[in-house]
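Mapping of the sequence shown onto the UniProt record's numbering: position 276 corresponds to residue 276, and the numbering continues sequentially without gaps. Beta carbons are placed, not taken as given, at the ideal position from N, Cα and C, and that holds for glycine. One structure is given here, and the rest of the page talks about it.
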Amino acid sequence: MRKPRIVVLGAGYGGLMTVTRLQKQFSKDQAEIVLINKNDYHYETTWLHEASAGTLHHDKVRYDIKDVIDGHKVNFMQATVEDIKTDAKKVITDNGEVEYDYLVIALGAVSETFGIKGLHEHAFMIANINSARQLREHLEYQFATYKNEEDKKDERLTIVVGGAGFTGIEFLGELGNRIPELCKEYDVDFQKVRIVCVEAAPMILPGFDPELVKYARAKLEKKGVEFRIGTPLKEATENSVIISKGEDEVEEIQAGTIVWAAGVRGNPVIEKAEIENMRARVKVGKDLRAPGHDNIFVIGDCSLMINEEIDRPYPPTAQIAMQQGETCARNITALIKGNEALEQFKPDIKGTVCSLGEDDAIGLVYGKKLMGTKASFMKKVVDNRALYMVGGAGLVMKKGKFKFF
Ligand code: FAD
Ligand code: NAD
């Protein structure tokens with residue numbers, strides 16, 4: 001009998017958790033496991049704000065996929081997934097087609113621009129290693145160029161960050177530490193630099209604990225961040241953003257750097273494949289399968305699950321993606337071994353920690369509020385734990401964060 005082929009798309013948090021669990025369940029003769037990813041490395045999406053600001057080198061943020069998979073049991077294919085033909089049970093990539101018996105879609109998210117004019121052309125996004133490297137280089141270039149300009153344009157040193165959700169705030173925290181370094185390196189007066197955060201909602205980190213939000217705002221303002229709250233960004237141009245200040249009032253802010261960090265949507269491959277979706281996220285059943293597709297699992301940022309306690313979707317997080325990866329591997333094992341009912345996934349939310357630079361953070365962990373050094377310590381524990389879950393102690397030693405105080 002032909003052995004079943006399990007194809008996993010994406011080597012992020014969800015995909016790698018699935019594969020590293022599946023490889024423990026099957027011998028080479030029992031199942032063929034194929035992992036497809038755009039790059040031959042995994043990157044920690046949750047550390048991209050650091051690589052983007054330049055506070056952590058991008059090589060610290062990534063590791064080789066071959067270091068965490070069992071090459072005897074898993075065929076790794078470096079390719080970009082372009083489409084999925086569900087009727088033919090085929091994945092179309094830029095490197096050929098792959099048939100599957102079981103498919104796991106774990107392709108992560110892309111930035112959501114809500115159709116706002118000019119963002120794709122003029123804004124940087126915090127999305128992957130390439131975008132992080134480009135943003136870090138651009139920031140540095142602005143400082144170097146400013147010094148070389150005869151007629152010095154201070155707007156060159158203005159950075160606008162759109163969105164004060166967790167990504168925007170974590171990036172601002174890193175900028176707060178990076179900008180003084182850049183000023184020193186390029187002999188630029190810190191007073192000439194402007195960091196403006198534009199947020200549509202009436203508060204930063206909407207919905208998060210007010211006391212922690214107050215702490216974060218005060219700490220970031222102390223580092224020079226100006227908040228423009230309740231002012232949605234309406235348009236980006238080559239060197240400015242236009243924000244709305246009321247029904248008919250708008251303001252244009254000149255800026256040399258525009259960063260868009262205002263939410264995500266699922267991977268566009270989902271929409272192309274015409275799998276039922278909402279903003280490219282598939283509302284999966286409790287067993288993590290796509291509706292109408294008994295052999296397709298969708299996990300991580302491509303999936304959507306409702307938190308029944310508040311009747312709203314769970315936010316797309318690495319915490320959930322990793323837990324889904326474990327359940328997904330168990331459910332595929334059950335289907336192939338045909339001996340168990342499928343597990344019903346329920347996220348076990350341990351908390352949220354939001355960094356404010358390397359040395360500061362806020363967090364709610366098991367319902368307990370944390371701020372400052374304690375929260376920053378916890379953030380590093382969380383980061384190291386994610387490495388441990390995928391690659392064990394060896395990976396933590398190689399890539400972990402150990403500067404706790
Ligand atoms: P990812 O981990 O993003 O992996 C997707 C993989 O698919 C990548 O390897 C990518 O290269 C690959 N891929 C994409 N498209 C293709 C294609 N077409 N073909 C082949 N391969 C492809 N969550 C938390 O829980 N805690 C945090 O502290 C936290 N911090 C964050 C900080 C930042 C700056 C950001 C941006 C997000 C943060 N998140 C955090 C959210 C978290 O990163 C995501 O929810 C998580 O990465 C989702 O995991 P995933 O497996 O779905 O996708
Ligand atoms: P988000 O949806 O959490 O926040 C986006 C923010 O952008 C919101 O505050 C929203 O009001 C604002 N916004 C939307 N449109 C705007 C506009 N036109 N102008 C100005 N502001 C606008 O998205 P995110 O911060 O990108 O995070 C994505 C996901 O990743 C979330 O689920 C988040 O929880 C997760 N994440 C978690 C952490 C952490 O746990 N430390 C860090 C980063 C991201």
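(message) If the criterion is Cβ atoms closer than 8 Å, does the pair V34 and N95 meet it?
(response) no
(message) Distance check for K346 and N307, CA to CA, integer angstroms please.
(response) 9 Å
(request) Answer yes or no: do A321 and Y100 have a C-beta to C-beta separation smaller than 8 Å? (result) no
(request) Would you list the one or two residues that DSSP bridges to G199? (result) It should be noted that the sequence gives Glu, not Gly, for residue 199. Beta-bridge pairing links E199 to I229.
(request) Decide if T55 is buried, meaning its Cβ has at least 16 other Cβ atoms within 10 Å, or exposed. (result) buried
(message) For the ligand NAD, I want to know if V198 counts as a neighbour, meaning its beta carbon is within less than 7 Å of at least one of the ligand's heavy atoms.
(response) yes
(message) Am I right that V225 and I258 are in contact with their C-beta atoms under 8 Å? What's the rounded C-beta distance?
(response) That pair is no contact at about 15 Å.
(message) Helix, strand or coil for Q254? Go by DSSP, reduced to three states.
(response) Q254: strand per DSSP, three-state reduction.
(request) For H42, write down the residues that DSSP places opposite it in a beta bridge. (result) According to DSSP, which records beta bridges pairwise, H42 is partnered with Y63.
(request) With distances taken Cα to Cα, identify the nearest neighbour of A164 among F114, V193, L103, T231. (result) Measuring from the Cα of A164, the nearest candidate turns out to be T231.
(request) Rounded to whole angstroms, what's the CA-CA distance from V81 to A236? Just pull it up for me. (result) As the crow flies, the alpha-carbon of V81 is around 30 Å from that of A236.
(message) Could you tell me the alpha carbon to alpha carbon distance between F284 and V19, rounded to whole angstroms?
(response) The sequence given here has Val at residue 284, not Phe. Rounded to the nearest angstrom, the two C-alpha atoms are 20 Å apart.
(message) For M1 and V98, what's the separation of their Cα atoms in angstroms?
(response) For M1 and V98, the distance between alpha carbons rounds to 19 Å.
(message) Quick check on E174: buried or exposed, where buried means 16 or more other Cβ atoms within 10 Å of its Cβ?
(response) buried
(request) Specify, as a first and last residue, the run of the alpha helix (DSSP H) that T373 falls within. (result) 372 to 399
(request) Return the CA-CA distance between N148 and Q319, expressed in angstroms with no decimal places. (result) The straight-line gap separating the alpha-carbon atoms of N148 and Q319 is approximately 45 Å.
(message) What would DSSP say about Y215, mapped onto helix, strand or coil?
(response) helix
(message) Can you check which of these residues, L135, I349, D187, V390, is closest to H49 by C-alpha distance?
(response) Check the Cα spacing between H49 and each of L135, I349, D187, V390: the tightest is with L135.
(request) Would you identify the three-state DSSP class for I243, choosing helix, strand or coil? (result) strand
(message) Going by C-alpha to C-alpha distance, which of L304, Q254, L172, A53 sits closest to G108?
(response) Per the Cα distances, L304.
(request) May I ask which residues mark the beginning and end of the beta strand (DSSP E) holding F76? (result) 74 to 78
(request) Quick one: residues in its chain with C-beta nearer than 7 Å to the C-beta of A11, no 5 flanking neighbours on either side, listed in chain order? (result) L35, N37, H42, I65
(request) Return yes when at least one heavy atom of the ligand FAD lies under 7 Å from the C-beta of F166, else no. (result) yes
(request) Starting from G162, follow the beta strand (DSSP E) in both directions and report where the run begins and ends. (result) 158 to 162
(message) Quick check: the Cα distance between E271 and M278, rounded to an integer number of angstroms?
(response) A direct Cα-to-Cα measurement between E271 and M278 gives close to 9 Å.
(message) At the level of alpha carbons, what is the spacing between L220 and K368?
(response) 22 Å
(message) What does DSSP give as the partner residue(s) for T18 in the beta ladder?
(response) Beta-bridge pairing links T18 to no other residue.
(message) Measuring straight from C-alpha to C-alpha, what distance separates K214 and G162?
(response) 19 Å
(message) Spatial neighbours of residue 439 within its chain, please: C-beta separation below 6 Å, excluding the five flanking residues on both sides.
(response) Absent from the structure is residue 439, since the part of the chain shown begins at 1 and ends at 405.
(request) Please name the residue, chosen from M77, S240, D154, that lies closest to A118 on a Cα-to-Cα basis. (result) Ala is not the amino acid found at residue 118; the sequence shown has Gly there. Closest by alpha carbon: S240.
(request) Within the stretch 68 to 132, note down every full alpha helix (DSSP H) run reaching 4 residues or more, in order along the chain. (result) 119 to 122
(message) What does the alpha-carbon distance come out to for the pair G246 and I229?
(response) Linking G246 to I229 through their CA atoms gives a straight-line distance of about 12 Å.
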